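Visitor: Attaching a single structure in structure tokens format; questions to follow.
Residue numbers (the working numbering): 52 to 306.
Okay, here's the thing in structure tokens:
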């Protein structure tokens with residue numbers, strides 16, 4: 052997960068071990084330009100109106116170039132100066148905390164809505180480990196506007212889902228319908244179709260590899276790349292299924 056990080060007086064590229072919010076640098080630059088503001092104007096507004104005396108034009112430029120990222124409070128202030136919502140300055144949220152920030156909600160708001168103690172909820176954010184009942188998961192999904200892929204991610208099930216999908220693609224996919232259904236609460240026929248398609252696509256890559264002479268060619272690399280992105284392919288196949296619309300309601304996956 053990412054930790055709140057305040058840029059130094061002279062922003063520099065973050066170290067490889069430092070993770071940051073999914074800040075949408077092009078959006079920040081575009082919004083500033085649309086308002087006819089210079090980085091100096093943005094920095095001044097954040098210092099005077101939002102209590103961030105350390106912010107300089109260099110910070111704004113670094114954020115817009117993607118070599119640094121604003122902290123939570125800086126992101127909120129930047130959104131205020133640019134007359135937009137924080138969600139417009141965030142890339143696709145990846146964690147529970149990022150989804151909450153994108154919705155402009157305080158931890159207390161989420162904790163109260165889902166029926167958790169606020170300290171317990173904050174621990175879940177810090178550890179990326181949602182723990183909730185079916186009812187609480189439904190309330191969380193409704194409050195944060197989470198789709199099924201988001202619910203699986205924020206409940207910490209992406210890694211397990213990836214393992215199951217890779218096994219389904221490389222062995223007998225039929226054996227993995229039920230285990231996948233425990234993580235992804237969709238009608239069995241949708242899951243069967245997606246797993247069958249993943250299996251056939253991967254086996255197609257492997258057949259091409261053999262026909263090209265033993266697995267050292269581009270097809271072998273394509274097969275490994277397919278497995279590396281198996282979760283992404285899985286959600287894409289479900290999205291492309293015309294009968295899946297409305298098949299899932301928030302609250303299926305529980306801790």
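Glycine included, every Cβ here is placed at the ideal spot set by N, Cα and C.
Please read these numbers as outputs of a predicted model, since none were measured by experiment.
Are the beta-carbon atoms of residue 284 and residue 252 separated by less than 9 angstroms?
Guide: Against a cut-off of 9 angstroms, the Cβ pair of residue 252 and residue 284 comes out as a contact.
Visitor: Return the chain-ordered list of same chain residues with a C-beta closer than 8 angstroms to the C-beta of residue 217, the five sequence neighbours on each side being excluded.
Guide: So the qualifying residues of the chain are 278, 281.
Visitor: Count the other C-beta atoms from every protein chain shown that fall within 10 angstroms of the C-beta of residue 266, then say buried if there are 16 or more, exposed otherwise.
Guide: For residue 266, the predicted model reports a pLDDT of 48, less than 50, meaning its position is unreliable; a value from the coordinates is still stated below. Exposed: under 16 other Cβ atoms inside 10 Å.
Visitor: Is it the case that the segment 70-84 contacts the segment 123-136, given that we only count it when at least three CB pairs across the two stretches are under 8 angstroms?
Guide: Short answer: they touch.
Visitor: Check residue 53 in the structure and name its three-state DSSP category.
Guide: Because residue 53 sits at a pLDDT of 30, beneath the cut-off of 50, its placement in the model cannot be relied upon, and the following sentence gives the value as read from the coordinates. DSSP places residue 53 in coil when its eight states are reduced to three.
Visitor: Please go through the same chain and pick out, in chain order, the residues whose beta-carbon is closer than 6 angstroms to the beta-carbon of residue 98, but skip the five residues on each side of it.
Guide: These residues qualify, in order along the chain: 104, 106.
Visitor: Any idea what DSSP makes of residue 141, helix, strand or coil?
Guide: Here residue 141 sits in strand by DSSP.
Visitor: Going by Cα to Cα distance, which pick from 93, 116, 167, 109 is closest to residue 74?
Guide: Of the listed residues, the one whose Cα sits closest to residue 74 is 116.
Visitor: By Cβ distance, which residues of its chain are closer than 7 angstroms to residue 180, with the 5 residues on each side in sequence left out?
Guide: For residue 180, where only same-chain residues beyond five positions count, the Cβ hits under 7 angstroms are 207.
Visitor: Identify the continuous alpha helix (DSSP H) that holds residue 162 and give its terminal residues.
Guide: Start and end: 158-165.
Visitor: Closest to residue 166 by CA distance: which of 225, 150, 152, 189 is it?
Guide: Looking at the Cα atoms, 189 is the closest of the given residues.
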